[in-house]
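Numbering (the UniProt record's numbering), first residue to last: 1 to 264.
The structure under discussion appears below in the form of structure tokens.
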């Protein structure tokens with residue numbers, strides 16, 4: 001791929017591969033410019049030192065995507081108009097990545113992103129995002145597959161997804177919405193009954209440990225999804241949940257201190 005940038009890229013000098021990095025400037029983001037720049041510089045130095053591309057010089061320039069679909073698209077257009085786009089690195093945030101990933105098909109410029117985790121990037125990859133390569137550490141498709149494996153192993157047949165749309169926004173905008181979407185659409189409905197409920201952000205932050213949360217759990221989860229549990233008299237329900245998460249292995253035995261009756 002790198003060789004093709006030198007031979008066929010849109011940069012004015014075909015002996016120069018221009019990497020257009022459209023990433024968030026905000027240092028709190030996982031893949032901010034400040035975090036990516038040192039690694040990218042080391043990688044480029046290594047490529048040049050090893051002579052892997054003796055006839056091609058790699059050059060990288062950065063612009064702030066602001067994790068915004070408008071700002072990210074604007075910077076991508078500026079890079080392309082200026083002829084500095086052999087390849088795009090980023091955007092990372094899903095809503096910033098989507099319009100750029102759609103447009104590059106018309107520009108014939110590849111894009112590499114460690115984000116783009118939404119289900120749409122997977123299901124419409126060939127039709128809408130053919131020049132996008134996702135290289136991120138997280139794959140929400142794998143999240144759904146893990147849940148399917150877990151449910152098959154324990155013969156669970158009901159799922160209730162409670163989520164806050166903007167939860168874990170420091171990762172990417174609306175991360176919990178994207179993760180929940182992957183579960184809702186990724187878990188087959190043939191033998192599994194699945195429902196979901198969106199928690200209102202304001203109420204959740206204000207009343208996290210209040211009667212509002214208790215009422216929500218009763219109304220949205222209740223007996224229909226909670227099942228029946230037999231626990232040690234010395235353990236609270238919170239202890240059961242935490243210890244079950246820590247000790248139960250997929251496909252392994254359930255600890256003796258908690259015996260769920262799977263009436264689902």
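Quick reminder that beta carbons are idealized off the backbone N, C-alpha and C, glycines included.
All values reported here derive from a predicted model rather than from experimental measurement.
In the three-state DSSP reduction, residue 35 falls in the helix class (H, G or I). Within a 10 Å sphere around the beta-carbon of residue 95 sit 16 or more other beta-carbons, which makes this residue buried.
Judged by their CB atoms, residue 81 and residue 117 are not nearer to each other than the 8 Å cut-off.
A direct Cα-Cα distance of roughly 31 Å separates residue 49 from residue 26. Minimum Cα-Cα distance from residue 91 among the listed residues 186, 222 and 23 corresponds to 23.
The alpha-carbon of residue 79 is positioned some 6 Å away from that of residue 85.
Separation of residue 185 and residue 215 (C-alpha to C-alpha, rounded to the nearest whole angstrom) is 27 Å.
For residue 75, same chain residues with a beta-carbon under 6 Å away, outside a window of 5 residues either side, are 22 and 63 in chain order. Sorting 109, 146 and 142 by C-alpha distance to the C-alpha of residue 129 places 109 at the top.
Taken through DSSP and simplified to helix, strand or coil, residue 55 comes out as coil. Closest in alpha carbon position to residue 28, among 181, 140, 182 and 67, is 67. By the neighbour-count definition (other C-beta atoms within 10 Å, threshold 16), residue 52 is an exposed residue.
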